[in-house]
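Asker: Numbering of the sequence shown is given in my numbering, commencing with residue 217 and proceeding in unit increments.
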Amino acid sequence: MGLRILLLANDIETLQRATTPLSDPSGQLPDAVQAVPDLRQGLKLLANSTFDVVLLCLPVLDSSAFNWIDSVSALSSQATLILLTDDDTDRLVDLPVRGVQDYWALAQLDGPRHWRRIQFAVNRKQAELALLEAKESAEAATRAKSAFLANMSHEIRTPLNGIIGMYDLLLSTRLDIEQMDYAQTGKQSCAGLMAIINDILDYSKIEAGKMELETLDFDIRATLAEVIALPAMQAEKKGLAFDCRIDPEIPSLLRGDPGRLRQIITNLAGNAVKFTQQGRVTVKALLESEPDNRVKIRFDIMDTGIGICEEDQAQLFESFRQVDASMTRKYGGTGLGLAISKNLAELLGGEIGVKSVPDEGSTFWFNVRFKRQPESPIDARTSIKELRGRRILLVDRNPGTIKTLTGFLEAWGCRFDTVSDAETALSALKAAIEKERPFDLALIVTQLPAIDGAALGQRIMADQTFGQPPMILLTSQGMRGEAARMKAIGYSAYLTMPVRRSQLLECLAMVLGAGEVKPASRLHPLITRHLISDARKKRSRILLVEDNSVNSKLAMHLLDKFGFQADAVRNGKEALDSLAKNTYDLVLMDVQMPEMDGFETTRAIREGRCGEADRTLPVVAMTAHAMQGDRERCLDAGMDDYVSKPISPEQLFDTVNRHLAKRYNGSEAN
């Protein structure tokens with residue numbers, strides 16, 4: 217047989233019972249078999265020698281026998297372990313989990329037949345070991361792949377964070393039309409590259425079975441208004457009509473993963489716009505069912521584009537598949553978007569499909585399940601009920617922004633009219649006064665044709681005919697000195713876009729005096745997104761720990777722009793030195809750094825190495841790592857939050873502001 221076999225027994229008599237039927241006619245065991253009548257001696261032999269098969273003779277399976285089985289199994293994990301016994305109790309079912317490959321009755325041993333069974337058992341053991349080795353090899357390859365992707369994600373996102381951040385800073389300065397176009401084009405190119413990177417990372421997570429969902433409270437109408445803003449803008453540039461219809465029966469306040477819902481809709485709506493040259497794109501949300509405390513919602517994304525033939529529809533949701541895969545293909549993309557959307561829809565408890573006719577258009581549909589949630593605490597704090605029925609005039613010409621803002625207003629129960637230019641706005645204000653139904657507020661976007669937001673505000677305030685309603689200006693670029701100019705014109709508030717839902721809600725409450733918030737007057741300071749937290753910022757000091765000079769420069773510029781005091785150091789050791797000498801209110805901590813990384817530095821802070829006062833210091837990870845588990849690693853190390861690069865200015869401000877609010881008064885910033 218070519219196998220090394222060890223025959224073990226607890227005494228000579230038992231050993232003879234086993235060797236007699238296994239011996240040849242002359243009474244000899246094969247040369248490859250070594251017989252030992254002492255279990256302790258057998259264990260020593262196993263510890264120093266290698267055998268292919270171990271035949272363990274234990275007539276009675278008592279607790280002592282099972283201890284011997286465990287000891288032999290531990291020393292012969294690569295060998296085939298076969299038990300020879302007289303026992304036929306129910307305890308035999310426990311043998312496989314103890315590493316026993318087979319068990320035979322001592323009284324029924326038959327040499328020729330059992331030597332064949334030994335070979336069979338060895339073959340089976342070797343197959344199991346090969347399978348285990350293949351499994352371990354595959355898992356090692358997956359771990360190596362995940363580590364590679366995590367490292368590549370960090371290496372790519374780190375410079376992208378600097379590039380996108382510098383574009384944001386550049387776009388906030390005074391630029392002429394040509395310079396603005398160059399800067400916006402550069403930022404859009406970076407956004408395209410980041411979308412590809414995110415697709416690859418998401419596909420890798422799905423492939424490895426590591427894609428997990430978050431559970432958050434969200435407003436589905438506000439979420440849809442935000443997510444369709446970009447495809448609506450893209451549709452406008454192509455001359456396409458874009459429409460979004462939401463079933464009024466769908467409850468607004470839900471609980472689930474809005475980020476993954478956004479991802480599916482962004483992909484499907486973006487494709488619809490990309491593959492449509494004329495006509496329209498429509499996004500519909502319908503309530504399919506509402507069992508107990510859950511809702512099932514169906515989304516239809518319809519277009520009048522090129523359509524897809526039946527043959528291509530069958531493979532459309534496969535990875536790396538595209539309808540046009542030729543070298544001269546007109547449309548770009550990785551071929552991962554639909555495959556990712558399919559997996560995300562299934563994770564959200566639904567399914568996805570398509571109906572299409574070539575040259576007529578396509579309808580991609582999917583459904584998802586969410587839980588209902590009670591009224592959000594933000595709504596309660598800002599007395600949203602008192603905003604219901606307020607008449608608001610929205611002056612904007614951008615369909616995407618209009619969808620977003622009207623989605624907010626509709627969710628809060630406001631009544632609103634929308635106009636696209638200054639002259640129509642003035643006519644609407646005058647007509648409302650004449651009908652004795654004046655507007656409570658004018659929400660004006662500064663980029664308007666012919667007459668911009670500033671000039672419109674001047675005309676409204678200069679003529680009593682228009683009723684002089686409170687005015688809020690929304691601008692895409694906060695230019696230095698512009699807020700003071702808007703205040704002088706008569707604006708009550710000045711916000712930069714994209715405006716957060718909670719930010720606009722609180723601003724409306726302050727301007728209109730909803731709830732306990734006193735109404736803003738033109739004698740009071742202009743309301744901006746920073747007004748509420750200004751006092752907090754002036755007394756706050758932040759330590760930035762970042763080894764990349766470009767990202768450090770960007771973060772310091774942003775913190776200065778937000779009004780925070782900040783110091784920067786290059787690694788964990790410098791951070792600990794600075795914390796020991798100075799008092800800070802928050803630390804922004806990069807993760808991957810030389811000498812001492814962010815995890816070790818945070819643990820040192822929590823252990824009090826910089827002083828007892830710093831043990832509870834808020835630490836926010838600011839990292840380019842974006843794989844599953846990275847957030848958990850940060851939190852496990854003692855960090856309070858996680859911000860993934862590329863970091864948006866809005867995201868950074870919100871995170872810092874929220875944790876400073878908790879540190880000062882134990883409350884969350886809205």
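Think of the CB as a built atom: it goes at the ideal place given N, C-alpha and C, for glycine as much as any other residue. Because the structure is a prediction, the values reported are computed rather than measured.
What is the DSSP secondary structure of residue 860, counted as helix, strand or coil?
Answerer: Within the sequence shown, the letter at position 644 stands for residue 860. Three-state result, residue 860: strand.
Asker: Counting pairs of Cβ atoms below 8 Å between the stretch 339 to 352 and the stretch 381 to 391, do you hit three or more?
Answerer: no
Asker: Are the CB atoms of residue 499 and residue 489 nearer to each other than 8 Å?
Answerer: Stepping through the sequence shown from its first residue, residue 499 is reached at position 283. Stepping through the sequence shown from its first residue, residue 489 is reached at position 273. Not closer than 8 Å, so no.
Asker: Compute the Euclidean distance between the alpha carbons of residue 477 and residue 449, then round it to the nearest angstrom.
Answerer: As a working mapping, residue 477 is identified with position 261 in the sequence shown. As a working mapping, residue 449 is identified with position 233 in the sequence shown. Their backbone Cα atoms lie some 20 Å apart in a straight line.
Asker: Which runs of the beta strand (DSSP E) at least 3 residues long sit entirely within the stretch 750 to 797? Give them in chain order.
Answerer: 757 to 761, 781 to 785
Asker: Thinking C-alpha only, which one of 871, 853, 852, 854 is nearest residue 860?
Answerer: Locating residue 860 in the sequence shown gives position 644, where the first residue counts as 1. It is 871.
Asker: Mapping DSSP to helix, strand and coil, what is residue 159?
Answerer: No statement about residue 159 is possible, as the shown extent of the chain runs from 217 to 886 and does not include it.
Asker: Helix, strand or coil: how does DSSP classify residue 872 here?
Answerer: In the sequence shown, residue 872 corresponds to position 656, counting from 1. DSSP places residue 872 in helix when its eight states are reduced to three.
Asker: Rounded to whole angstroms, how far is the Cβ of residue 325 from the Cβ of residue 237, which I believe are closer than 8 Å?
Answerer: Your numbering for residue 325 matches position 109 in the sequence shown. Your numbering for residue 237 matches position 21 in the sequence shown. Confirmed, Cβ separation roughly 4 Å.
Asker: Can you list, in chain order, the residues of its chain whose CB lies under 7 Å from that of residue 382, leaving out five sequence neighbours each side?
Answerer: As a working mapping, residue 382 is identified with position 166 in the sequence shown. Its chain contains 770 as the residues whose beta carbon lies nearer than 7 Å to that of residue 382, once the 5 sequence neighbours on both sides are disregarded; these appear in chain order.
Asker: Which residue comes first and which comes last in the beta strand (DSSP E) that contains residue 443?
Answerer: Sequence index remark: in the sequence shown, residue 443 carries index 227 (1-based). Element bounds for residue 443: not the beta strand (DSSP E) but the alpha helix (DSSP H), 436 to 443.
Asker: Please report the distance separating the alpha-carbon of residue 251 from that of residue 283.
Answerer: Numbered from 1 along the sequence shown, position 35 holds the residue referred to as residue 251. Numbered from 1 along the sequence shown, position 67 holds the residue referred to as residue 283. CA-CA distance, residue 251 to residue 283, rounds to 20 Å.
Asker: How far does the beta strand (DSSP E) with residue 500 in it reach, from first residue to last?
Answerer: For this step, residue 500 is matched to residue 284 along the sequence shown. Here the beta strand (DSSP E) through residue 500 covers 496 to 505.
Asker: By Cβ distance below 6 Å, which residues in the same chain neighbour residue 233 in space, the five residues on each side in sequence not counted?
Answerer: Locating residue 233 in the sequence shown gives position 17, where the first residue counts as 1. So the qualifying residues of the chain are 322.
Asker: Here's the rule: buried if 16 or more other CB atoms are within 10 angstroms of the residue's CB, otherwise exposed. What is residue 313?
Answerer: Mapped onto the sequence shown, residue 313 falls at position 97. With fewer than 16 other Cβ atoms within 10 Å, it is exposed.
Asker: Taking DSSP's pairing of strands, which residues face residue 691 in a bridge?
Answerer: Position 475 of the sequence shown holds residue 691. Residue 691 is bridged to 712.
Asker: For residue 482 and residue 711, I'd like the C-alpha separation in whole angstroms.
Answerer: The count along the sequence shown starts at 1 and reaches residue 482 at position 266. The count along the sequence shown starts at 1 and reaches residue 711 at position 495. Rounded to the nearest angstrom, the two C-alpha atoms are 26 Å apart.
Asker: Please report the straight-line C-alpha distance between residue 567 and residue 720, rounded to a whole angstrom.
Answerer: On the sequence shown, position 351 is the one that residue 567 refers to. On the sequence shown, position 504 is the one that residue 720 refers to. Rounded to the nearest angstrom, the two C-alpha atoms are 35 Å apart.
Asker: Let me know the secondary structure DSSP gives residue 673 once reduced to three states.
Answerer: Counted from its first residue, the sequence shown places residue 673 at position 457. Under the three-state reduction of DSSP output, residue 673 falls in the helix class.
Asker: DSSP beta-bridge partners for residue 578?
Answerer: Mapped onto the sequence shown, residue 578 falls at position 362. BP columns for residue 578 point to 519, 572.
Asker: State buried or exposed for residue 630, treating a residue as buried only when at least 16 other CB atoms are found within 10 Å of its CB.
Answerer: As a first step, residue 630 is located in the sequence shown; it is residue number 414 there, counting from the start. Buried: at least 16 other Cβ atoms inside 10 Å.
Asker: Give me whichever residues DSSP pairs with residue 838 in a beta bridge.
Answerer: By one-based count along the sequence shown, residue 838 stands at place 622. Partner(s): 859.
Asker: Here's the rule: buried if 16 or more other CB atoms are within 10 angstroms of the residue's CB, otherwise exposed. What is residue 722?
Answerer: In the sequence shown, counting from the first residue as 1, residue 722 sits at position 506. The residue is buried, with at least 16 neighbouring Cβ atoms inside 10 Å.
Asker: What span of residues does the beta strand (DSSP E) with residue 263 cover, start to end?
Answerer: Indexing the sequence shown from 1 puts residue 263 at position 47. Segment 255 to 264 is the alpha helix (DSSP H) holding residue 263; no beta strand (DSSP E) there.
Asker: Starting from the C-beta of residue 620, find all residues in its chain whose C-beta is less than 7 Å away, skip the five residues before and the five after it, and write them out in chain order.
Answerer: Along the sequence shown, one-based indexing puts residue 620 at 404. Counting only Cβ-Cβ distances below 7 Å, and skipping sequence neighbours, we find 441, 442, 445.
Asker: At the level of alpha carbons, what is the spacing between residue 558 and residue 533?
Answerer: Here residue 558 refers to the residue found at position 342 when the sequence shown is read from its first residue. Here residue 533 refers to the residue found at position 317 when the sequence shown is read from its first residue. Looking at the two C-alpha atoms, the distance is approximately 7 Å.
Asker: With DSSP as the reference, label residue 703 as helix, strand or coil.
Answerer: For the purposes of this step, residue 703 is taken as the residue at position 487 of the sequence shown. Reduced to three states, the DSSP call for residue 703 is helix.
Asker: Can you look up residue 800 in the DSSP assignment and give me helix, strand or coil?
Answerer: Within the sequence shown, the letter at position 584 stands for residue 800. DSSP places residue 800 in coil when its eight states are reduced to three.
Asker: Mind checking who residue 458 pairs with in its DSSP beta bridge?
Answerer: In the sequence shown, counting from the first residue as 1, residue 458 sits at position 242. According to DSSP, which records beta bridges pairwise, residue 458 is partnered with 497.
Asker: CB residue 278 to CB residue 295, shorter than 8 Å?
Answerer: Taking the sequence shown and counting its residues from 1, one reaches residue 278 at position 62. Taking the sequence shown and counting its residues from 1, one reaches residue 295 at position 79. It is not a contact, given that the beta carbons lie outside the stated cut-off.
Asker: My output table needs one value for residue 850: the three-state DSSP class, helix, strand or coil.
Answerer: Indexing the sequence shown from 1 puts residue 850 at position 634. Three-state DSSP puts residue 850 in a helix.
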